[in-house]
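So the structure is just underneath, and the comments pick up after that.
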Amino acid sequence: MRTRDQKKYNAVVKSSIELTNKLGFSGISISKIAKKANVSPATIYIYFKNKEDLLTVIYCNIRKKAGESVLTNIDANMSIKERFSAIWINSFSFYQNYPEYIQYREQFEQTKMMEDVKTDEFELNNYIVEILTKGIKDKIIQNLPIPILTAFAFIPIITLLKFHFSDILIMTEKEIINACKIAWKSIAI
């Protein structure tokens, strides 16, 4: 059995994200990924069962990495609004630093592969559900289904980042804070 090489693994992941963002999921193949990563196609199968496994693992790792980053410096002593704001701003900052991740996520979430992903296994997802549920219980957040609340509160981050990356609107610290306030107002009572 061949040994695992972290540099090759990282090259495969990086190449997969770049090719997916450039060509879409249907435009990539194991051979294209291997060529871009400068590894043999057989090397990829050391780490992943098939293309779908590779793409799903990348998606899950992006979500886990985002969760670890976004939940930094958030604690239970903060108010619901403070935790919401910290999550919102940290999410914006994370994806601002990793624009390739948001593009990859958006594409992945429109595929059938998403059906096999258990989103309740993501720490950030669970934490958001927890604070929104508590906010509803404490009557500071509107009593609406969680998917509606997350759609109004967090999905605008994607649009604002697209504006930012395409220079339609440069999101300064002031604009980020104002956008976060608007997101909070969209779900607060």
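In terms of our numbering, the sequence shown has 90 at position 88, counting the first letter as 1, and numbering is strictly consecutive. Here a beta-carbon is modelled for each residue, glycine too, at the ideal position from N, C-alpha and C.
Next item on the list: Could you pull out every residue in the same chain whose Cβ sits closer than 7 Å to the Cβ of Val14, ignoring the five residues on either side in sequence?
Entry: Against the sequence shown, residue 14 aligns to sequence position 12. Within the same chain, Val14 has close Cβ partners Ile35, Ala39, Val41, Ile46 and Tyr49.
Note to self: Taking the alpha helix (DSSP H) that Asp55 belongs to, which residues open and close that run?
What the structure shows: Taking the first residue of the sequence shown as position 1, residue 55 is located at position 53. From DSSP, the alpha helix (DSSP H) with Asp55 extends over Lys53 to Val72.
Notebook entry, point to check: From which residue to which residue does the alpha helix (DSSP H) around Thr121 run?
Noted result: The residue you call residue 121 lines up with position 119 of the sequence shown. Element bounds for Thr121: n/a, residue is neither H nor E.
Note to self: DSSP has Ala190 in a bridge; who is on the other side?
What the structure shows: Sequence index remark: in the sequence shown, residue 190 carries index 188 (1-based). Per DSSP, Ile143.
Checklist line | Enclosing alpha helix (DSSP H) for Tyr100 [first to last residue] | finding: Indexing the sequence shown from 1 puts residue 100 at position 98. Element bounds for Tyr100: n/a, residue is neither H nor E.
Check: By Cβ distance below 6 Å, which residues in the same chain neighbour Ser93 in space, the five residues on each side in sequence not counted?
Finding: As a working mapping, residue 93 is identified with position 91 in the sequence shown. Around Ser93: Val72 and Ile159.
Notebook entry, point to check: Using CA coordinates, which residue listed in Ser188, Asn127, Tyr100 and Gly26 is at the minimum distance from His166?
Noted result: In the sequence shown, residue 166 corresponds to position 164, counting from 1. It is Tyr100.
Checklist line | Helix, strand or coil at Ile82 [DSSP, three-state] | finding: Position 80 of the sequence shown, counting from 1, holds the residue named residue 82. If DSSP states are grouped into helix, strand and coil, Ile82 belongs with the helices.
Item checked: Terminal residues of the alpha helix (DSSP H) in which Gln8 lies -> Within the sequence shown, residue 8 is the residue found at index 6, counting from 1. Element bounds for Gln8: Gln8 to Leu25.
Note to self: By alpha-carbon positions, which one of Lys164, Glu102, Ala78 and Phe156 ends up nearest to Lys183?
What the structure shows: If you number the sequence shown from 1, residue 183 lands on position 181. Looking at the Cα atoms, Phe156 is the closest of the given residues.
Margin query: Below 8 Å, how does it come out for the stretch 14-25 and the stretch 56-70: are there three or more Cβ pairs, yes or no?
Written below: yes
Next item on the list: State the Cα-Cα distance for the pair Leu162 and Ile170, rounded to the nearest angstrom.
Entry: Here residue 162 refers to the residue found at position 160 of the sequence shown. Here residue 170 refers to the residue found at position 168 of the sequence shown. Distance between the alpha carbons of Leu162 and Ile170: 9 Å.
Margin query: Which same chain residues end up closer than 7 Å to Met116 when comparing Cβ atoms and leaving out the 5 residues on each side of it in sequence?
Written below: Your numbering for residue 116 matches position 114 in the sequence shown. The residues are Phe110.
Item checked: Integer-rounded CB distance, given that Arg107 should sit under 8 Å from Ile64 -> The residue given as residue 64 occupies position 62 in the sequence shown. The residue given as residue 107 occupies position 105 in the sequence shown. So it is a contact: roughly 6 Å between Cβ atoms.
Notebook entry, point to check: Helix or strand or just coil, what does DSSP make of Leu111?
Noted result: Counted from its first residue, the sequence shown places residue 111 at position 109. A quick correction: the sequence has Glu, not Leu, at residue 111. Three-state result, Glu111: coil.
Next item on the list: Would you tell me roughly how many angstroms separate the C-alpha atoms of Asp154 and Pro43, rounded to the nearest one?
Entry: Mapped onto the sequence shown, residue 154 falls at position 152. Mapped onto the sequence shown, residue 43 falls at position 41. Note that residue 154 is Phe in the sequence shown, not Asp. Their Cα atoms are separated by approximately 42 Å.
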